[in-house]
Amino acid sequence: MRLVAADDWRPSSMTERRLLELRREGLLRHRTSLSSPEWIPPSADHREPKPPMGYVVSFAKFHRHGLGAAPSRFMRALCHHYGVELQHFSPNSITIVAVFAAVCEGYLGMMPHWDLWLHLYRGELFNAPLEPPE
Amino acid sequence: MRKPVWAGCLKLVLKTGKTERPREYILVGLSSNHAGWDSQWFYLRNDDGLFPAYTGRLITERPENWTYGVVQVHQSRLDPLLDALKKLRVEGLSAALVLSAVHHRRVLPLMSRPLRMDEMGPDVSSRDLEACRMSNEAPADDEVAARVRAAVAGDFQPKHVNGFPMRPDAGSVDLVRSLLIYGFDSGFPLLPFLSMSLFSQGPIDVRSSRPPVKEDEVNRDKRR
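Chain order of the listed sequences is A and B.
Residue numbers for the first sequence follow the working numbering, so the first one is 93 and each next one is one higher.
Residue numbers for the second sequence follow the working numbering, so the first one is 44 and each next one is one higher.
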């Protein structure tokens with residue numbers, strides 16, 4: 093398949109207020125440090141992610157779908173196995189992983205089972221369709 | 044022609060081969076409405092470097108190992124788990140019910156916690172329970188239902204929240220008892236096999252079940 097250049101990142105719409113809403117919903121941790129807070133909105137001049145040292149790029153949807161920090165061993169294993177960074181997951185992939193982890197822990201009574209995961213799921217690369225010219 | 048994407052390029056899909064028994068896993072109908080999700084990015088502190096560092100790498104080809112499975116000689120070890128998943132599906136468990144139980148319990152499944160979800164019972168320390176929960180009060184059922192509808196397809200209603208409780212809550216499915224009563228299709232001697240398999244690490248290869256992380260490789264190299 094022929095690929096063309098990727099679009100630029102979309103500027104972030106996440107503000108301090110929106111992140112505080114996520115915190116109030118119980119989807120982010122409390123901020124406990126002024127010098128290195130648990131989460132920060134991007135600066136207005138960041139047109140694409142430029143996380144400070146010691147930070148990664150996350151998305152509000154990921155936390156609504158079950159992601160938390162620090163990540164579980166299973167989440168870390170997925171990053172390691174697929175060789176990806178957090179931003180490479182799609183929202184639906186986070187949902188799939190969260191459901192699998194919850195089924196293993198909450199219904200089967202065990203840690204997420206790696207071989208069972210590999211048996212049931214595979215990774216596909218998503219490429220976006222080109223929009224038709226206007 | 045298609046174009047690569049900076050965010051969201053890893054799409055996880057249920058396998059469909061004859062050997063994977065995918066139809067026996069619970070129903071996971073996903074939401075198709077994530078418009079604008081890729082503009083909701085922010086910076087998350089990466090404690091102890093547990094997430095891979097951000098490099099902004101663009102992935103343009105699927106690596107071979109994205110489709111790896113379990114070596115054939117080990118597949119039979121998964122049979123008790125697949126039988127249990129089939130049982131849960133027959134009993135009516137779906138992704139929507141799983142997520143509603145998760146939100147009802149105030150946990151994030153992919154966050155490191157001192158307790159597994161099935162260990163969050165009345166006999167554990169309140170400190171550990173507090174460390175697992177993301178808020179002091181359970182969200183209202185209509186809030187939980189809205190979160191479920193945002194993640195999975197369908198019209199999940201507040202009255203269905205926690206309709207399939209997790210262990211060890213009252214009303215959770217006891218797989219050992221349940222399979223003893225209803226039986227496996229195979230007619231295999233039920234209780235001893237399943238109880239050994241699921242709850243005392245019998246025929247399942249426990250080493251192979253542990254999700255491998257980067258430190259495992261580093262430690263292995265050090266031992267060489």
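Glycine residues also receive a C-beta, built at the ideal position from the N, C-alpha and C atoms.
Query: List, in chain order, every chain A residue whose beta-carbon is nearer than 7 Å to that of Arg94 (chain B).; Result: Correcting the residue identity first, residue 94 (chain B) is Phe in this sequence and not Arg. Within 7 Å Cβ-Cβ: Val148, Pro163, Cys171 and Leu178.
Query: Taking contact to mean at least 3 C-beta pairs separated by less than 8 Å, is the region 191-201 of chain A in contact with the region 115-132 of chain B?; Result: yes
Query: So for Pro201 (chain B), helix, strand or coil by DSSP?; Result: helix
Query: Is the region 161-172 of chain A touching the region 86-97 of chain B, taking contact as three or more C-beta pairs under 8 Å?; Result: yes
Query: Name the one or two DSSP bridge partners that Phe181 (chain A) has.; Result: B:Leu53
Query: Take the Cβ of Lys153 (chain A) as the centre, count every other Cβ of all protein chains shown within 10 Å, and call the residue buried at 16 or more, exposed below.; Result: buried
Query: For Glu108 (chain A), which option in A:Leu119, A:Leu210, A:Ser128 and A:Ser135 has the closest C-alpha, if you only look at C-alpha atoms?; Result: A:Ser135
Query: Ignore the nearest five residues each way along the sequence and tell me which others in Phe236 (chain B)'s own chain have a CB closer than 6 Å to its CB.; Result: Note that Phe236 (chain B) has pLDDT 44, beneath the 50 cutoff, so the model's placement of it is unreliable and the number below is only indicative. Hits under 6 Å: none found.
Query: Considering only their Cβ atoms, is the gap separating Ala220 (chain A) from Val141 (chain B) smaller than 8 Å?; Result: no
Query: Enumerate, from N- to C-terminal direction, the unbroken beta strand (DSSP E) stretches of 3 or more residues contained entirely within the region 130-183 of chain A.; Result: 147-151
Query: How long is the line joining the alpha carbons of Met167 (chain A) and His157 (chain A), rounded to whole angstroms?; Result: 13 Å
Query: Measuring only between beta-carbons, confirm whether Asp137 (chain A) sits less than 8 Å from chain B.; Result: no
Query: Less than 6 Å between C-beta atoms, sequence neighbours within five positions excluded: which residues of the same chain meet that for Leu208 (chain A)?; Result: none
Query: Alpha carbon to alpha carbon, how far is Tyr97 (chain B) from Pro143 (chain A)?; Result: 8 Å
Query: Measure the alpha-carbon distance for Pro211 (chain B) versus Asp217 (chain B) and round it to whole angstroms.; Result: 9 Å
Query: Residues of chain B with CB under 8 Å from Ser104 (chain A), in chain order?; Result: Ser82, Gln83, Trp84 and Phe85
Query: Tell me, please, whether the CB atom of Leu112 (chain A) is closer than 8 Å to any CB atom in chain B?; Result: no
Query: Going by the beta-carbon positions, is the gap between Gly9 (chain B) and Pro141 (chain A) smaller than 8 Å?; Result: This structure cannot settle anything about residue 9 (chain B), because the visible part of chain B is limited to 44 through 267.
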